[in-house]
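Note sheet for the following structure.
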Ligand SMILES: Nc1ncnc2c1ncn2[C@@H]1O[C@H](COP(=O)(O)OP(=O)(O)OP(=O)(O)O)[C@@H](O)[C@H]1O
Ligand SMILES: [Mg+2]
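Residue numbers (the UniProt record's numbering): 1 to 394.
Now the structure itself:
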């Protein structure tokens with residue numbers, strides 16, 4: 001169990017303004033620090049725009065300095081989002097119980113009136129999306145060695161959630177913006193707000209689909225049945241992104257190059273995988289290892305969840321302890337194969353309240369993904385939750 005020093009703020013016992021809605025869920029959590037709204041206002045200079053470091057589907061993130069000088073990332077959940085309240089309590093429950101080198105650390109939270117705020121360890125090097133995929137915002141050099149360390153670190157963090165924590169945890173939103181980097185570029189998986197706990201005697205959880213297009217496993221997107229294999233699919237997409245240094249979807253590229261996973265499969269079939277490796281590396285990489293990583297990405301994204309390896313096996317494959325049998329790789333599962341997904345490329349980042357919570361499966365068989373947004377790389381995606389008509393009808 002995590003123990004948070006009391007210097008960060010007030011403990012649960014002294015918190016007096018918790019909302020009735022969250023009372024039951026939070027009353028059992030003893031190892032989380034509860035901050036007052038005033039403390040966090042001071043820490044962020046009244047949530048000054050200059051301290052804002054990001055905005056996601058559920059609210060804005062600010063850099064702040066806590067009382068004793070610790071830096072923190074302070075995530076203010078949008079009060080309009082009722083769904084955010086649920087994610088809020090889930091996130092607290094999940095992260096307060098677990099500690100791992102590759103998982104972000106929660107310092108505490110604030111629940112006062114309508115305010116729902118999470119306080120995390122501040123990670124100096126932001127997210128993989130901002131630093132590796134959306135180039136030009138920083139001077140970080142992602143050498144091949146650094147990339148292998150990041151891939152293996154994320155795999156270890158996920159293996160821990162999947163296989164060591166009881167009950168097992170499915171993250172549900174593994175993607176580049178949820179991989180944060182500390183000063184040494186050690187990766188930390190963040191955003192457990194969408195996490196689902198899988199009871200020991202169940203093979204999957206039926207749930208409304210939540211996640212990010214481009215990283216969503218087809219069987220989860222279509223049937224809403226959630227297993228750890230959905231995370232493994234997302235990890236496979238992320239792994240390929242890290243090796244290639246580009247987003248899974250980039251509508252600014254020629255049509256045949258827009259969808260990275262499709263492209264990876266094509267080049268795998270042509271035995272030209274090495275041509276996908278990020279040109280920013282200027283050829284300074286281990287070609288055998290890079291192709292192995294891409295093949296592992298393909299294995300993780302196999303259409304049949306059963307064909308995807310467990311995360312502990314993925315770790316061993318990445319580190320070279322287990323060989324990959326090329327014959328076991330078949331075409332990855334692509335959502336585009338069974339629905340005509342229309343991903344808009346130039347929609348501005350959606351405000352939390354404007355993210356639709358339900359999508360209609362149009363007669364043309366396509367989802368309109370209004371929450372999809374763009375960055376300089378042309379393809380950043382926001383988390384979204386939707387119920388597919390397909391899922392509802394089953
Ligand atoms: N602990 C942290 N340290 C440093 N930066 C952080 C931290 N947490 C979040 N950020 C920054 O804030 C950004 C927004 O995070 P947030 O989780 O709200 O949204 P997101 O991951 O971009 O999108 P989504 O809501 O779809 O998950 C991150 O991409 C990251 O750059
Ligand atoms: Mg996030």
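Positions of the beta carbon are idealized from the N, C-alpha and C atoms, including for glycine.
8 Å contact criterion, which residue i and residue j should meet: CB distance rounded
| i | j | result |
| --- | --- | --- |
| residue 148 | residue 289 | 7 Å |
| residue 73 | residue 43 | The pair is not a contact, with the Cβ atoms about 11 Å apart (cut-off 8 Å). |
| residue 92 | residue 109 | 6 Å |
| residue 318 | residue 285 | Their Cβ separation, rounded to whole angstroms, is 14 Å, which puts residue 318 and residue 285 out of contact at 8 Å. |
| residue 102 | residue 157 | 3 Å |
| residue 215 | residue 174 | 7 Å |
| residue 51 | residue 64 | 6 Å |
| residue 76 | residue 34 | Not quite, the Cβ-Cβ distance comes to about 15 Å (not below 8 Å), so this is no contact. |
| residue 170 | residue 231 | 5 Å |
| residue 241 | residue 133 | 6 Å |
Residue i to residue j span [Cα, whole Å]
| i | j | result |
| --- | --- | --- |
| residue 229 | residue 167 | 16 Å |
| residue 225 | residue 106 | 28 Å |
| residue 49 | residue 138 | 20 Å |
| residue 59 | residue 297 | 31 Å |
| residue 162 | residue 238 | 17 Å |
| residue 159 | residue 278 | 26 Å |
| residue 144 | residue 41 | 41 Å |
| residue 190 | residue 256 | 32 Å |
| residue 303 | residue 154 | 22 Å |
| residue 172 | residue 38 | 33 Å |
| residue 265 | residue 184 | 33 Å |
| residue 253 | residue 67 | 47 Å |
| residue 96 | residue 31 | 7 Å |
| residue 320 | residue 245 | 22 Å |
| residue 309 | residue 299 | 7 Å |
| residue 54 | residue 61 | 5 Å |
| residue 128 | residue 119 | 20 Å |
| residue 150 | residue 116 | 31 Å |
| residue 187 | residue 222 | 30 Å |
| residue 268 | residue 114 | 51 Å |
| residue 291 | residue 234 | 19 Å |
| residue 301 | residue 124 | 31 Å |
| residue 356 | residue 295 | Reliability of the predicted coordinates at residue 356 is poor, the pLDDT of 28 falling under 50, and the value obtained from them is presented with this limitation in mind. Answer to the nearest angstrom: the Cα atoms are 35 Å apart. |
| residue 282 | residue 142 | 11 Å |
Limits of the alpha helix (DSSP H) - the one that residue i falls within
| i | result |
| --- | --- |
| residue 153 | 144 to 159 |
| residue 73 | Not the alpha helix (DSSP H): residue 73 falls in the beta strand (DSSP E), residues 71 to 77. |
| residue 190 | First-last for residue 190: undefined, no H or E at that position. |
| residue 220 | 218 to 223 |
| residue 181 | Note, residue 181: premise wrong, no alpha helix (DSSP H); beta strand (DSSP E) at 179 to 181. |
| residue 318 | 311 to 319 |
Segment limits, beta strand (DSSP E) that includes residue i
| i | result |
| --- | --- |
| residue 116 | 115 to 121 |
| residue 169 | 168 to 170 |
| residue 111 | 106 to 112 |
Test: residue i CB closer than 8 Å to a CB of chain D
| i | result |
| --- | --- |
| residue 252 | In summary, chain D is missing from the structure at hand, where a single protein chain is found. |
Minimum length 4: unbroken alpha helix (DSSP H) runs contained in the segment 240 to 294: 260 to 269
Three or more C-beta pairs below 8 Å linking the segment 178 to 186 and the segment 248 to 264: no
contact_flag[the segment 310 to 321, the segment 268 to 281] where n(CB pairs < 8 Å) is 3 or more: no
Contact the segment 325 to 336 vs the segment 248 to 258: 3+ CB pairs below 8 Å: no
Ranges of the beta strand (DSSP E) found wholly within the segment 36 to 66, counting only runs of at least 3: 52 to 56 and 59 to 65
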